[in-house]
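There are 2 protein chains.
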Amino acid sequence: MEVRIPKRTLAEGLSILERIIPSRSSNPILTYLPLELSDNGLILKGTNGEVDIEVRLPAEIQGTGQMLVPAQTFSQIVRSLPGELVELIFGERLELHSGAFNTQLSITSSEGYPELTFGNPGSEKISASRLAQAITRVRYAASTEEYRAIFRGVQLEFSPQGLRSVASDGFRLARYDLPITLESRKLVIPARSADEIVRVFKDVQGEVALAVGEGTLTLVGDAVRMAVKLMEGEFPDYARVIPQSFVLEATLSAEALQESLKRVAVLSDRNNHRVNLLFNEGKLDIDAEGDYGRGREELNIETSGESQIMVAYNAQYLIDALAPVEGTVRIKLSGPTSPSIVQATEDSGYLAVVVPLRV
Amino acid sequence: MEVRIPKRTLAEGLSILERIIPSRSSNPILTYLPLELSDNGLILKGTNGEVDIEVRLPAEIQGTGQMLVPAQTFSQIVRSLPGELVELIFGERLELHSGAFNTQLSITSSEGYPELTFGNPGSEKISASRLAQAITRVRYAASTEEYRAIFRGVQLEFSPQGLRSVASDGFRLARYDLPITLESRKLVIPARSADEIVRVFKDVQGEVALAVGEGTLTLVGDAVRMAVKLMEGEFPDYARVIPQSFVLEATLSAEALQESLKRVAVLSDRNNHRVNLLFNEGKLDIDAEGDYGRGREELNIETSGESQIMVAYNAQYLIDALAPVEGTVRIKLSGPTSPSIVQATEDSGYLAVVVPLRV
Chain W
5 MEVRIPKRTL
15 AEGLSILERI
25 IPSRSSNPIL
35 TYLPLELSDN
45 GLILKGTNGE
55 VDIEVRLPAE
65 IQGTGQMLVP
75 AQTFSQIVRS
85 LPGELVELIF
95 GERLELHSGA
105 FNTQLSITSS
115 EGYPELTFGN
125 PGSEKISASR
135 LAQAITRVRY
145 AASTEEYRAI
155 FRGVQLEFSP
165 QGLRSVASDG
175 FRLARYDLPI
185 TLESRKLVIP
195 ARSADEIVRV
205 FKDVQGEVAL
215 AVGEGTLTLV
225 GDAVRMAVKL
235 MEGEFPDYAR
245 VIPQSFVLEA
255 TLSAEALQES
265 LKRVAVLSDR
275 NNHRVNLLFN
285 EGKLDIDAEG
295 DYGRGREELN
305 IETSGESQIM
315 VAYNAQYLID
325 ALAPVEGTVR
335 IKLSGPTSPS
345 IVQATEDSGY
355 LAVVVPLRV
Chain H
5 MEVRIPKRTL
15 AEGLSILERI
25 IPSRSSNPIL
35 TYLPLELSDN
45 GLILKGTNGE
55 VDIEVRLPAE
65 IQGTGQMLVP
75 AQTFSQIVRS
85 LPGELVELIF
95 GERLELHSGA
105 FNTQLSITSS
115 EGYPELTFGN
125 PGSEKISASR
135 LAQAITRVRY
145 AASTEEYRAI
155 FRGVQLEFSP
165 QGLRSVASDG
175 FRLARYDLPI
185 TLESRKLVIP
195 ARSADEIVRV
205 FKDVQGEVAL
215 AVGEGTLTLV
225 GDAVRMAVKL
235 MEGEFPDYAR
245 VIPQSFVLEA
255 TLSAEALQES
265 LKRVAVLSDR
275 NNHRVNLLFN
285 EGKLDIDAEG
295 DYGRGREELN
305 IETSGESQIM
315 VAYNAQYLID
325 ALAPVEGTVR
335 IKLSGPTSPS
345 IVQATEDSGY
355 LAVVVPLRV
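Protein chains in written order, with my numbering: chain W, 5 to 363; chain H, 5 to 363.
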């Protein structure tokens, strides 16, 4: 059993797995890396119990078989190798040669390592980078609180009209629509697993095939297979918190508003991060007051609707909602204490809802 | 009382103070920033109890006086200002204007703020960047242990022959010589305060003037004054641990040795980080063995003296000792268990001593 593989290929493969393979675990075998020599290449695997990943790397291979190496040590060694090529020779130990460096690494039989199962995708595919984008745009709104556990996930709604991603913590909501034809179903992915999907697929060219099985979503790319455990249940009906009629609409640069909010918020109350926004015929006055004083800034905006309205927000919630918006933002107010909408004028897929603070 | 100052000038001044002004303190007044309007410019101050710093910034000033502003809030605001110019107007509150942003910040009288005293330097001066360099070269060897507290400092030895900086933790020692004529004395600076000297002066052009007073060293640059509390006592005689006769000398690339040690050390014992170095007629064999296996690498070296000798080190100690060496390193062995010397062939000022591990 021998493998010859470019150091870079091996290091890139390991970097996909490194974050999910735990460095400590109550089940120590999960800290090991399964290496499988197959006719299809060198296969690396890892799991954190929530996300299973398999990476297939092109390599010159003699023989077939599978064994475990200590994941962290193996990664550290591979990253620091002096040569461009790595030679792996499996015997009682794993001999690794690269340039003038040689190592003999203890290996373990793969017996006892959990079998990772991946769904078999049908014909449903989606652009890897756009899937990552749909998750990234809404991820910030997911809850970190223990209660209402379902809100600690990102909901993906597949339908013939498209993929809709949604996240909410009850005080704010983010929704993103990607036009694509899919079979109808709803899944909720734990937010941390959603982060892993983004990390692995955001820079991948091409498409991933999707397979939804009993409690898992499998994503299959050219070199990577990933199975993600789903959360049970689905989001409560959130459509009713999205307001439909508005008293005022304002348009302005998302970046200017975000920068201005950051400055003014420095002075805001440390507990509720309250900033007051006074929309007033072509002007937006932002101000905040806390223990150390008061900050105030005026921006030029375009408005339609009522001539004047004051709304207070948690500054951080508004800053988060603006982050995915490039260019111009449209803010739609349904009233001083009822939910506001944040939309990107140049990307109709994105919509955020922020509930104002009580006056 | 009014100040007009470029945002950049003010932000740079604050960045010098930010790290030493505590964000929390049992003496809360130390979390404030004294702002002094004087004929010499805008003066900012701060202290962490060990290091006092005063920064003088050129500014358009009307009036004189001094007051305190909350340091962290003020810094955060200044960093994020939209305009290029900042206007400060002192009244009951501090009004700060920049671009479309305005703030009113609460201010406090400077009563109760400790008076910072700086020594008056004579004619002794030293290049700011080279002083920083002399400290940086040896800093790593300072102890972090509670016992033998003096070793938690960096000793500066002034003499007509030069400035010698020394640090040691009892298992290793680093020494750096800078040729310059100074009046003879020895000072020990707490390692953390030494880090502040480096941070503030490493990129400063020109010279700093030195004043040694009762228990303090004052450093005076063009715009910055810094007073550092000294440790009591001086280093025990360390000269006797520096070996004078050698059984083998080896020369090789410092970077190649460092990289190789890092790779091999991945496999080393987690407790003592032991690596074995076998010097053997033009070859250096490095190997380490731990729970996960064994690593080994061979480097070409030039040697003189005995034909073969094996020495074991804590890999991290040797890696640290090599870090300040650019180009070629000369390693001088006095025996398998007696101290070894690490020298930079291209910088005669640097010398490190590493005590081998017992075989």
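Note that beta-carbon positions come from the ideal geometry of N, C-alpha and C, so glycine has one too.
Not a single CB atom of chain H sits nearer than 8 angstroms to the CB of E91(W). From the listed residues P340(W), Y144(W), L100(W), the smallest Cα separation to K11(W) is found for L100(W). Between I111(W) and I313(H), the alpha-carbon positions lie close to 32 angstroms from each other. Proximity of chain W to I33(H) at the Cβ level (cut-off 9 angstroms) is not reached, the minimal Cβ distance being about 15 angstroms. For the region 93-112 of chain W, residues whose beta-carbon sits nearer than 7 angstroms to a beta-carbon of chain H comprise R97, A104, F105, N106, T107, Q108, L109, S110. Distance from the CA of L109(H) to the CA of Y296(W), rounded to the nearest whole angstrom, comes to 6 angstroms.
For the pair of segments examined, the region 133-148 of chain W was found to touch the region 196-209 of chain W: the number of CB pairs separated by less than 8 angstroms reaches three.
Nearest in C-alpha terms to V333(H), of all of E58(H), A325(H), Q66(H), is A325(H). At a Cβ-Cβ threshold of 8 angstroms, V90(H) and L14(H) count as neighbours. Your pair E58(W) and I47(W) checks out as a contact, with CB atoms roughly 6 angstroms apart and the cut at 8 angstroms. Of all residues in the region 294-309 of chain H, the ones placed with a Cβ closer than 8 angstroms to any Cβ belonging to chain W are D295, Y296, G297, R298, G299, R300, E301, E302, L303, in chain order.
Cβ-Cβ distances below 6 angstroms link R179(H) to V170, L355 in the same chain, with the five nearest sequence neighbours on each side left out; the list follows chain order. A distance below 7 angstroms between beta-carbons, with the five flanking residues on each side excluded, links R362(H) to the following residues of its chain, in chain order: T341.
Using a Cβ-Cβ distance cut-off of 8 angstroms, the region 287-302 of chain H and the region 222-238 of chain H are not in contact, since fewer than three pairs of beta carbons, one from each stretch, lie closer than that value. A direct Cα-to-Cα measurement between F78(H) and R176(W) gives close to 30 angstroms. Around the C-beta of A319(H), 16 or more other C-beta atoms lie within 10 Å, and the residue is accordingly described as buried.
With a 10 Å radius around the Cβ and a threshold of 16 neighbouring Cβ atoms, D291(W) comes out buried. The three-state reading of DSSP puts V270(W) in coil, since its state is none of H, G, I, E or B. Interface criterion met: the Cβ of I81(H) is under 8 angstroms from a Cβ in chain W. Between R28(H) and chain W, the shortest Cβ-Cβ separation is not below 8 angstroms. P164(H) counts as exposed, since fewer than 16 other beta carbons sit within 10 angstroms of its beta carbon. At a cut-off of 8 angstroms between beta carbons, V333(W) makes no contact with chain H. Under the DSSP definition of a beta bridge, M235(W) lacks any partner. The beta-carbon distance between R141(W) and P328(W), rounded to whole angstroms, is 5 angstroms. This is short enough to meet the 8 angstroms contact definition. Distance between E161(H) and V192(H), taken at the CA atoms: about 9 angstroms.
Put simply, the CB of S84(W) is near chain H, with a gap under 8 angstroms to one of its CB atoms. CA-CA distance, R60(W) to R189(W), rounds to 30 angstroms. Secondary-structure assignment with DSSP links H101(W) through a beta bridge to E91(W), N106(W).
Contact between F250(W) and S338(W) is confirmed by a C-beta separation of about 5 angstroms, below the 8 angstroms threshold. Here Y317(H) is buried: its Cβ has 16 or more other Cβ atoms, across all protein chains shown, within 10 Å. Nearest neighbour of R274(H) by Cα position, chosen from L18(H), G294(H), L256(H), turns out to be G294(H).
Of all alpha-carbon atoms in L186(W), L271(W), I33(W), I81(W), the one lying nearest the alpha-carbon of L18(W) is that of I81(W).
When only Cα atoms are considered, A258(H) and T349(H) end up about 10 angstroms apart. In summary, the residues of the region 241-268 of chain H whose CB is separated from some CB of chain W by less than 8 angstroms are E263, S264, K266, R267, V268, in the order they occur in the chain.
Contact annotation: in the region 270-285 of chain W, residues whose CB is within less than 7 angstroms of a CB in chain H are V270, L271.
Under the 8 angstroms criterion on CB atoms, P38(H) is classed as non-interfacial with respect to chain W.
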